[in-house]
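Residue 50 in our numbering sits at position 11 of the sequence shown, with consecutive numbering throughout.
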Amino acid sequence: PSRVQSEVIPNLLNKENVIVKSQTGSGKTASFAIPICESIDINDNNVQALIVAPTRELATQIYNNAKLFVKYNENIKIGIMIEIPSSAIMAEEFAKEGDFFSIGTNDLIQYTIAVERGNEKVANLYTHFNPAVIRLIKSAIDGAHKNGILCGMCGEAAGEIKFIPLLIGLGLNEFSMNANKILKARKL
Numbered sequence: 040p041s042r043v044q045s046e047v048i049p050n051l052l053n054k055e056n057v058i059v060k061s062q063t064g065s066g067k068t069a070s071f072a073i074p075i076c077e078s079i080d081i082n083d084n085n086v087q088a089l090i091v092a093p094t095r096e097l098a099t100q101i102y103n104n105a106k107l108f109v110k111y112n113e114n115i116k117i118g119i120m121i122e123i124p125s126s127a128i129m130a131e132e133f134a135k136e137g138d139f140f141s142i143g144t145n146d147l148i149q150y151t152i153a154v155e156r157g158n159e160k161v162a163n164l165y166t167h168f169n170p171a172v173i174r175l176i177k178s179a180i181d182g183a184h185k186n187g188i189l190c191g192m193c194g195e196a197a198g199e200i201k202f203i204p205l206l207i208g209l210g211l212n213e214f215s216m217n218a219n220k221i222l223k224a225r226k227l
């Protein structure tokens with residue numbers, strides 16, 4: 040095992056937080072965090088990992104290293120988070136590099152309309168109904184569909200009852216929402 044594997048795996052097995060910083064080979068540094076696990080059994084086929092990396096190549100390199108010590112599903116899909124306006128604008132090109140999109144509305148809205156939802160002084164201006172936000176969501180969905188991949192959404196907007204019909208009309212494939220919103224959303 041590599042130095043990183045030798046240091047990370049024992050910490051994971053001891054249920055400790057692990058933050059890893061790794062050189063990408065292109066001179067850039069990637070960081071990813073693995074939260075405290077309730078338990079981890081490397082012989083359990085249900086163990087999952089989230090690999091966050093700045094490039095598909097680095098994600099693949101991390102994935103290939105992980106295969107050396109963990110049973111894995113060979114058909115793992117690689118998704119792309121659409122959380123900033125530039126990703127939504129470039130969605131058609133980015134879709135060629137992933138198996139699906141997930142639009143992260145909380146950050147997309149904040150970065151599009153420059154309003155921090157947690158700031159009480161401006162939170163009333165934070166809205167997913169902003170035309171620029173809707174246009175970016177449509178751009179991401181269209182970019183995904185033009186390349187034959189699915190586009191889902193996570194974040195508060197995905198569970199907003201008044202927003203869901205618009206998202207369906209825009210072609211959104213999947214919704215990820217808080218459990219307390221599901222029943223009302225299913226009634227639509």
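All C-beta atoms, glycine included, are put in the ideal place defined by N, C-alpha and C.
Taking the Cβ atom as the reference point for each residue, do V172 and I148 lie within a distance shorter than 8 Å?
Taking the first residue of the sequence shown as 1, we reach residue 172 at position 133. Taking the first residue of the sequence shown as 1, we reach residue 148 at position 109. For V172 and I148, yes; Cβs fall inside 8 Å.
Grouping DSSP H, G and I as helix and E and B as strand, with all else coil, what is G210?
To locate residue 210, count along the sequence shown from 1; it is residue 171. The answer is coil: DSSP assigns G210 none of H, G, I, E or B.
Integer-rounded CB distance, given that A179 should sit under 8 Å from T144
The residue given as residue 144 occupies position 105 in the sequence shown. The residue given as residue 179 occupies position 140 in the sequence shown. In fact, because the Cβ distance is near 10 Å, the residues do not count as touching under 8 Å.
Quick one: measure Cβ to Cβ for A138 and E122, integer angstroms, because I've assumed they're closer than 8 Å.
Numbered from 1 along the sequence shown, position 99 holds the residue referred to as residue 138. Numbered from 1 along the sequence shown, position 83 holds the residue referred to as residue 122. Here residue 138 turns out to be Asp, not Ala, going by the sequence shown. Between E122 and D138 the Cβ distance is about 17 Å, and since that is not below 8 Å, they are no contact.
Quick one: what does DSSP say F168 is sitting in, helix, strand or coil?
As a working mapping, residue 168 is identified with position 129 in the sequence shown. Coil, per DSSP.
Burial state of F228, where buried means 16 or more other Cβ atoms lie within 10 Å
Outside the modelled stretch of the chain, which goes from 40 to 227, sits residue 228, for which no answer is possible.
Rounded to whole angstroms, how far is the Cβ of Y150 from the Cβ of P170, which I believe are closer than 8 Å?
Here residue 150 corresponds to residue number 111 of the sequence shown, with the count starting at 1. Here residue 170 corresponds to residue number 131 of the sequence shown, with the count starting at 1. With 8 Å as the limit, Y150 and P170 do not qualify as a contact, their Cβ atoms being about 16 Å apart.
Classification of Q62 by the beta-carbon crowding that lies within 10 angstroms, buried from 16 upward:
Residue 62 sits at position 23 when you count from the first residue of the sequence shown. Because the pLDDT of Q62 is 47, which lies under 50, any placement of that residue in the model is unreliable, and the number read from its coordinates should be weighed accordingly. With fewer than 16 Cβ atoms within 10 Å of its Cβ, Q62 is classed as exposed.
With burial defined as no fewer than 16 other Cβ atoms inside 10 Å of the residue's Cβ, what is the status of S215: buried or exposed?
The sequence position of residue 215 within the sequence shown is 176, counting from 1. Exposed, because fewer than 16 other Cβ atoms sit within 10 Å of the Cβ of S215.
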